[in-house]
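Written below as structure tokens is the structure these notes are about.
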Amino acid sequence: MLQQTRVEAVRPYYENWMEHFPTVEALAAADGDEVLRQWQGLGYYSRARNLHDSVKEVVSRYGGRIPAEKSELLTLKGIGDYTAGAISSLAYNKDETAVDGNVLRVFARLYGIRENILSAKVKKKVTELAREQLPEGKAGVFNEALIEFGALLCIPKSPKCGECPLRHFCEAKATGLEKELPLRITGKDTPTERYAVLICRKSHTVLIHRRPSEGLLASMWEFPMVRCDQPHGDGAGLRHYLSGQGLVVSVEETVTAELKHVFSHKKWDLAVYEGRYVSGELAESEVWRWLPVEKYAALPWAGPHGKLTACL
DNA sequence: GATGCGTGGGG
DNA sequence: TCCCCAAGCAT
Numbered sequence: 001m002l003q004q005t006r007v008e009a010v011r012p013y014y015e016n017w018m019e020h021f022p023t024v025e026a027l028a029a030a031d032g033d034e035v036l037r038q039w040q041g042l043g044y045y046s047r048a049r050n051l052h053d054s055v056k057e058v059v060s061r062y063g064g065r066i067p068a069e070k071s072e073l074l075t076l077k078g079i080g081d082y083t084a085g086a087i088s089s090l091a092y093n094k095d096e097t098a099v100d101g102n103v104l105r106v107f108a109r110l111y112g113i114r115e116n117i118l119s120a121k122v123k124k125k126v127t128e129l130a131r132e133q134l135p136e137g138k139a140g141v142f143n144e145a146l147i148e149f150g151a152l153l154c155i156p157k158s159p160k161c162g163e164c165p166l167r168h169f170c171e172a173k174a175t176g177l178e179k180e181l182p183l184r185i186t187g188k189d190t191p192t193e194r195y196a197v198l199i200c201r202k203s204h205t206v207l208i209h210r211r212p213s214e215g216l217l218a219s220m221w222e223f224p225m226v227r228c229d230q231p232h233g234d235g236a237g238l239r240h241y242l243s244g245q246g247l248v249v250s251v252e253e254t255v256t257a258e259l260k261h262v263f264s265h266k267k268w269d270l271a272v273y274e275g276r277y278v279s280g281e282l283a284e285s286e287v288w289r290w291l292p293v294e295k296y297a298a299l300p301w302a303g304p305h306g307k308l309t310a311c312l
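Counting in UniProt numbering, the first sequence runs from 1 upward without gaps.
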């Protein structure tokens, strides 16, 4: 859960998770959709699938005990160099490094590394430095201290150098680069897309759609959507077409407040998706479903849609 | 090596 | 309001 995610964001999910799946056996036996549902809203949903797969592997291959050896941990889905090192050192006190974003930042400043910390080259260099410093038999507390140090003191912006016990040894501080380092050079920025969401009601059911098992928000359920920032996926044109059919449909953009307003009216019954007419005759399938309102809570919902189910 | 993959909080 | 970015991994 903590991979690329803040502790504050994880905490409530972790607490809830441990109540639902208190043991590896319980998680291994759980239904995949239920696992995804408990992860709903946390992001990076492949982590949930990987964790489920790995825990099943731990039960079937390792008798329910998570391996201590890094080489074995690395064979599990969703466990890479950092997580393998963290489990091996923190849980079993093996002499392994655990270089995460915090440790990269700390070493970049401490050693004045003026290179992109997102590169494999710097990651390798920092791992070597950490390996040299690693106190034999104390890797667990050492790694945790490094990580906590980065999370609490040597923070990304405005590091707390005044309280730092290492301020007299820090290359970045000595050269006045403590706010410039570490260097993070990313690629091109992510383009924005706009979608219209359709709320389509038929008696006491609502039309929903399951996303593909790979890619963005994989396997999550959502309300039907159409691009509304390009000519061939125009939400306004869609509304016009549908009203010409004598149908009552709502087409709104993905703004939570607007969708709450849409839900409050409860009078829609049909929709169009990707230019194809979808009617009450639409057969239920793995992908499309007319879902009774009371069953919403049982499914994993994509992004903002998950927060709307309470409105139904 | 570069890119896709979420979400929410803080400056 | 906008931008940055947070205990990475898979492809």
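Note that the Cβ used here is the ideal one computed from N, Cα and C, for glycine as well.
| task | Just the C-alpha distance for GLY215 and MET1, rounded to the nearest angstrom, thanks. | result | Counting from one through the first sequence, the residue named residue 215 turns up at place 215. Counting from one through the first sequence, the residue named residue 1 turns up at place 1. Straight across, the Cα-Cα distance linking GLY215 with MET1 is about 19 Å.
| Is DSSP giving MET220 helix, strand or coil here? | Numbered from its first residue, the first sequence carries residue 220 at position 220. It is coil, neither helix nor strand.
| message | Rounding to the nearest angstrom, what Cα-Cα distance links ILE79 and PHE169 in this structure? | response | Counting from 1 along the first sequence, the entry for residue 79 is found at position 79. Counting from 1 along the first sequence, the entry for residue 169 is found at position 169. So the alpha carbons of these two residues sit roughly 34 Å apart.
| field | Selected residue, minimal CA-CA separation from GLY303, among GLU34, GLY41, VAL24 | value | As a position in the first sequence, residue 303 is number 303, starting the count at 1. It is GLY41.
| message | Distance check for SER219 and PRO212, CA to CA, integer angstroms please. | response | Residue numbering aside, residue 212 sits at position 212 when the first sequence is read from its first letter. Residue numbering aside, residue 219 sits at position 219 when the first sequence is read from its first letter. The straight-line gap from Cα to Cα measures roughly 5 Å.
| field | Per DSSP, the bridge partner or partners of ILE155 | value | Here residue 155 refers to the residue found at position 155 of the first sequence. Beta-bridge partners of ILE155 (DSSP): none assigned.
| query | ARG210 and VAL287: beta carbons closer than 8 Å? | reply | As a first step, residue 210 is located in the first sequence; it is residue number 210 there, counting from the start. As a first step, residue 287 is located in the first sequence; it is residue number 287 there, counting from the start. Contact annotation: ARG210 and VAL287 have beta-carbon atoms nearer than 8 Å.
| query | Would ALA108 be called buried (16 or more neighbouring beta carbons within 10 Å of its own) or exposed? | reply | Position 108 of the first sequence, counted from the start, is the residue given in the question as residue 108. Using a 10 angstroms sphere on the CB of ALA108, the tally of other CB atoms reaches 16 or more, which defines it as buried.
| query | In angstroms, rounded to a whole number, what distance separates the CA positions of PHE223 and VAL103? | reply | Translated into the one-based positions of the first sequence, residue 223 becomes position 223. Translated into the one-based positions of the first sequence, residue 103 becomes position 103. Distance between the alpha carbons of PHE223 and VAL103 is about 41 Å.
| query | Hey, out of GLY85, LYS56, LEU291, LEU76, whose CA is closest to ILE147's CA? | reply | On the first sequence, position 147 is the one that residue 147 refers to. Minimum Cα distance to ILE147 is reached at GLY85.
| task | Would you mind stating whether LEU134 and THR83 have Cβ atoms separated by less than 8 Å? | result | Residue 134 sits at position 134 when you count from the first residue of the first sequence. Residue 83 sits at position 83 when you count from the first residue of the first sequence. Not in contact: LEU134 and THR83 (Cβ atoms no closer than 8 Å).
| query | Leaving out five residues before and five after ALA30 in sequence, what residues of the same chain have Cβ atoms less than 8 Å from its Cβ? | reply | Taking the first residue of the first sequence as position 1, residue 30 is located at position 30. Closer than 8 Å at the Cβ level, and outside the excluded window around ALA30, lie HIS20, PHE21, HIS52.
| field | Integer Cβ distance of ARG37 from LEU299, believed to fall under 8 Å | value | Translated into positions along the first sequence, residue 37 becomes position 37. Translated into positions along the first sequence, residue 299 becomes position 299. About 7 Å separates the beta carbon of ARG37 from that of LEU299, a gap short enough to meet the 8 Å contact definition.
| Do LEU74 and GLU57 have their C-beta atoms closer together than 8 Å? | Along the first sequence, one-based indexing puts residue 74 at 74. Along the first sequence, one-based indexing puts residue 57 at 57. It is not a contact, given that the beta carbons lie outside the stated cut-off.
| For MET225, is the classification buried or exposed, using 16 other Cβ atoms within 10 angstroms of its Cβ as the cut-off for buried? | As a first step, residue 225 is located in the first sequence; it is residue number 225 there, counting from the start. By the 10 Å Cβ count, MET225 comes out buried.
| Opposite VAL122 in the DSSP bridges: which residues? | Along the first sequence, one-based indexing puts residue 122 at 122. Its beta-bridge partners do not exist; DSSP assigns none.
| request: Could you name the residues of the same chain whose beta carbon sits closer than 6 Å to that of GLU274, not counting the 5 residues immediately before and after it, in chain order? | output: For this step, residue 274 is matched to residue 274 along the first sequence. Model confidence at GLU274 stands at a pLDDT of 36, short of 50, so the residue's coordinates are unreliable and nothing is read from them.
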